[in-house]
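Report on one structure; see the data block that follows.
Number of protein chains: 2
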Amino acid sequence: MFSIVILGTGNVATHMFQAFQASSECSVIQVYNHQPDSLQVFEKSTATTTNLSELKQADLYLLCLKDDVIEKLANQIQTNSGIIAHTSGSQSILESANSGVFYPLQTFSKGSKLDYSKIPICLEANSEENLKILRAIGKCISTEIFEINSAQRQTLHLSAVFVCNFTNHLYSIGESICKEDNMPFDILKALIQETSKKIESNSPSDVQTGPAIRKDQSTIKRHLGQLQNKIHKDIYQLLTQSIIQKHD
Amino acid sequence: MFSIVILGTGNVATHMFQAFQASSECSVIQVYNHQPDSLQVFEKSTATTTNLSELKQADLYLLCLKDDVIEKLANQIQTNSGIIAHTSGSQSILESANSGVFYPLQTFSKGSKLDYSKIPICLEANSEENLKILRAIGKCISTEIFEINSAQRQTLHLSAVFVCNFTNHLYSIGESICKEDNMPFDILKALIQETSKKIESNSPSDVQTGPAIRKDQSTIKRHLGQLQNKIHKDIYQLLTQSIIQKHD
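If you read the protein sequences in the order shown, they are chains A and B. Quick note, the first sequence lines up with residues 1 to 248 if you use the working numbering. Quick note, the second sequence lines up with residues 1001 to 1248 if you use the working numbering.
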């Protein structure tokens, strides 16, 4: 049984907590946060604390924290042999005696249900032994375990911004264009699902469709005329130019 | 039984052909294209022609053609009472005696298998009677039938460019960033699927994540430093700015 202390109470912390608690081989023995209010939801299921000096001894201290506070908090953890690991896609591995990275490559929102067993977990550790422990802990929740160094992880994190964060923003632009014209956004959802499904078995550049790749200037011109919002117009122009440039 | 002549042999034509042929209430009695080679795949299943003056009498002439040739071809169709409809998201309804629009709101690629029954079909017709016929034909292949006028259809088509064509291009940028660093794109696919799944039951603007919405300037700065490709850098900057502007 692996004992885990989770530091943080945001979306990643909440989902990691749920994933570990569902595993018979892991136990989250404590959750830390400096604000007592945010600990309330965890109190029924495990011990909680707002005091870093009261952290229990554990196999893993999982820092599900904002990038800019990870190092500061990590330096205050007193542990004999526990691994101190963060879940950040962009921060380097910490310089503590036993350190690691436990980066779940997924988008976590409150309330969304996830199949944790399919979430890629990207691991890094400062020793072979610690990597072995992190791998064993990772396998408790997911079948998709990858060993990835910090540079590679930063590449993945950057790609993830394009395929997840920016993609979601395009969905939101699509929604606002529909709303302006009193059209239900729901009508686009089959298209959105198929667009993501298509790249499961195809390279996205092989299945590009739309006016840009057809160099259909009359449609492009009409679309630009329809767009009221200045920044939406700029995005339309830049992405169209990028598609044309890529496929030329 | 509705008799249908399909004009065109591209992705939309091919998928519409398959959808209608799977229905017991529709029959594609002929496929037209000016190039004989592209008709070969249809020859085993139905009549074909390269000559517009040889078109059979049908209930529906479905023009699955590039926008700029729709009108020209439509004017050459000689029919007694058949409806002449196109499948374009952006073209207005034709001015023939019996005219309509039969716009399947989906992305069609060769080789991809689709559940046609879930594809939204956006209909428009020049009379109540013709609308009734198009609705009956639409229901042969899909449960998602919408009556949409030309202005609304153009709005949907514009939104579709953002949520489908531009989204797919972001996937392709993610893939090229991974490739440059010898990382498998596959590792991002669970994230891509979850990003599209999340908006099934949430407004995309409510589930925006990532460095832009957190105004995490140090990550944004590092990402811009990582990007080698000039246009990818411009896209990163513009979409980041747009997310910050929207959520401010």
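Just so it is clear, CB atoms sit at the ideal spot from N, CA and C, and this is done for glycine as well.
Residue-level contact to chain A via CB, residue i, 8 angstroms cutoff
{"i": "Pro-1211 of chain B", "result": "yes"}
{"i": "Leu-1073 of chain B", "result": "no"}
{"i": "Ala-1190 of chain B", "result": "yes"}
{"i": "Phe-1146 of chain B", "result": "yes"}
{"i": "Tyr-1116 of chain B", "result": "no"}
{"i": "Glu-1124 of chain B", "result": "no"}
{"i": "Asp-1234 of chain B", "result": "yes"}
{"i": "Ser-1090 of chain B", "result": "yes"}
{"i": "Met-1183 of chain B", "result": "yes"}
{"i": "His-1223 of chain B", "result": "yes"}
{"i": "Gln-1035 of chain B", "result": "no"}
{"i": "Cys-1164 of chain B", "result": "yes"}
{"i": "Thr-1048 of chain B", "result": "no"}
{"i": "Gln-1228 of chain B", "result": "no"}
{"i": "Gln-1154 of chain B", "result": "yes"}
Nonlocal neighbours in the same chain, by C-beta distance under 7 angstroms from residue i, ignoring five residues either side
{"i": "Tyr-236 of chain A", "result": "His-223, Leu-224, Leu-227"}
{"i": "His-1247 of chain B", "result": "Gln-1208, Ile-1213"}
{"i": "Ser-96 of chain A", "result": "Ala-74, Ile-84"}
Secondary structure of residue i, DSSP reduced to three states
{"i": "Ala-1013 of chain B", "result": "helix"}
{"i": "Val-31 of chain A", "result": "strand"}
{"i": "Glu-973 of chain B", "result": "The displayed coordinates of chain B run from 1001 to 1248. Any statement about residue 973 of chain B would go beyond what the structure contains."}
{"i": "Ile-1145 of chain B", "result": "strand"}
{"i": "Glu-128 of chain A", "result": "helix"}
{"i": "Ala-1085 of chain B", "result": "strand"}
{"i": "Gly-100 of chain A", "result": "strand"}
{"i": "Cys-1064 of chain B", "result": "coil"}
{"i": "Thr-240 of chain A", "result": "helix"}
{"i": "Ile-1213 of chain B", "result": "coil"}
{"i": "Ala-160 of chain A", "result": "helix"}
{"i": "Val-207 of chain A", "result": "coil"}
{"i": "Leu-1007 of chain B", "result": "strand"}
{"i": "Thr-49 of chain A", "result": "strand"}
{"i": "Ile-121 of chain A", "result": "strand"}
Residue i versus the options, residue with shortest Cα-Cα distance
{"i": "Phe-102 of chain A", "options": "A:Asp-206, A:Gly-111, A:Asn-149", "result": "A:Asn-149"}
{"i": "Leu-1114 of chain B", "options": "B:Val-1031, B:Ser-1127, B:Ser-1142", "result": "B:Ser-1142"}
{"i": "Tyr-32 of chain A", "options": "A:Val-5, A:Asn-130, A:Ala-160, A:Lys-221", "result": "A:Val-5"}
{"i": "Arg-153 of chain A", "options": "A:Gln-18, A:Gly-111, A:Gln-106", "result": "A:Gln-106"}
{"i": "Ile-29 of chain A", "options": "A:Leu-55, A:Gln-40, A:Pro-36", "result": "A:Leu-55"}
{"i": "Ile-1121 of chain B", "options": "B:Ile-1244, B:Asn-1168, B:His-1086, B:Asp-1059", "result": "B:His-1086"}
{"i": "Lys-139 of chain A", "options": "A:Cys-26, A:Leu-7, A:Val-163", "result": "A:Cys-26"}
{"i": "Ala-1022 of chain B", "options": "B:Ser-1045, B:Leu-1007, B:Pro-1036", "result": "B:Ser-1045"}
{"i": "His-169 of chain A", "options": "B:Asp-1216, B:His-1034, B:Ile-1244, B:Leu-1052", "result": "B:Ile-1244"}
{"i": "Gln-1035 of chain B", "options": "B:Tyr-1061, B:Asp-1059, B:Leu-1007", "result": "B:Leu-1007"}
{"i": "Ala-58 of chain A", "options": "A:Glu-71, A:Thr-79, A:Thr-48", "result": "A:Thr-79"}
{"i": "Thr-155 of chain A", "options": "B:Pro-1104, B:Thr-1219, B:Leu-1131, B:Thr-1048", "result": "B:Thr-1219"}
{"i": "Ile-192 of chain A", "options": "A:Glu-175, A:Glu-180, A:Leu-94", "result": "A:Glu-175"}
Neighbourhood of residue i by C-beta distance below 6 angstroms, restricted to the same chain and skipping five residues each side
{"i": "Phe-108 of chain A", "result": "Asn-11, Val-12, His-15"}
{"i": "Ile-1173 of chain B", "result": "His-1232"}
{"i": "Cys-164 of chain A", "result": "Thr-107"}
{"i": "Asn-1229 of chain B", "result": "none"}
Straight-line Cα distance separating residue j from residue i
{"i": "Asp-67 of chain A", "j": "Asn-202 of chain A", "result": "34 angstroms"}
{"i": "Met-1001 of chain B", "j": "Ile-1083 of chain B", "result": "15 angstroms"}
{"i": "Gly-1111 of chain B", "j": "Gln-1018 of chain B", "result": "12 angstroms"}
{"i": "Ser-159 of chain A", "j": "Thr-1195 of chain B", "result": "14 angstroms"}
{"i": "His-1157 of chain B", "j": "Ser-117 of chain A", "result": "37 angstroms"}
{"i": "Leu-73 of chain A", "j": "Thr-9 of chain A", "result": "14 angstroms"}
{"i": "Gln-40 of chain A", "j": "Thr-50 of chain A", "result": "11 angstroms"}
{"i": "Gly-89 of chain A", "j": "Val-161 of chain A", "result": "11 angstroms"}
{"i": "Ser-92 of chain A", "j": "Glu-147 of chain A", "result": "14 angstroms"}
{"i": "Asn-75 of chain A", "j": "Gln-241 of chain A", "result": "47 angstroms"}
{"i": "Ala-151 of chain A", "j": "Glu-124 of chain A", "result": "11 angstroms"}
{"i": "Ser-1024 of chain B", "j": "Ala-136 of chain A", "result": "55 angstroms"}
{"i": "Glu-129 of chain A", "j": "Tyr-61 of chain A", "result": "16 angstroms"}
{"i": "Asp-234 of chain A", "j": "Leu-134 of chain A", "result": "45 angstroms"}
{"i": "Pro-204 of chain A", "j": "Thr-1167 of chain B", "result": "10 angstroms"}
{"i": "Lys-1197 of chain B", "j": "Leu-188 of chain A", "result": "13 angstroms"}
{"i": "Ser-1038 of chain B", "j": "Leu-239 of chain A", "result": "31 angstroms"}
{"i": "Ile-70 of chain A", "j": "Cys-64 of chain A", "result": "8 angstroms"}
{"i": "Ser-1081 of chain B", "j": "Asn-182 of chain A", "result": "34 angstroms"}
Beta-carbon proximity list for residue i, same chain, < 8 angstroms, skipping 5 on both sides
{"i": "Ser-1127 of chain B", "result": "Asn-1098"}
{"i": "Pro-184 of chain A", "result": "Cys-178"}
{"i": "Gly-210 of chain A", "result": "Ile-243"}
CB contact check: residue i to chain C, cutoff 8 angstroms
{"i": "Glu-175 of chain A", "result": "Reference to chain C is not applicable here, since the protein chains of this structure are A and B."}
Chain B contact for residue i (CB, 8 angstroms cutoff)
{"i": "His-86 of chain A", "result": "no"}
{"i": "Cys-64 of chain A", "result": "no"}
{"i": "Val-161 of chain A", "result": "yes"}
{"i": "Phe-42 of chain A", "result": "no"}
{"i": "Ile-121 of chain A", "result": "no"}
{"i": "Ser-81 of chain A", "result": "no"}
{"i": "Ile-187 of chain A", "result": "yes"}
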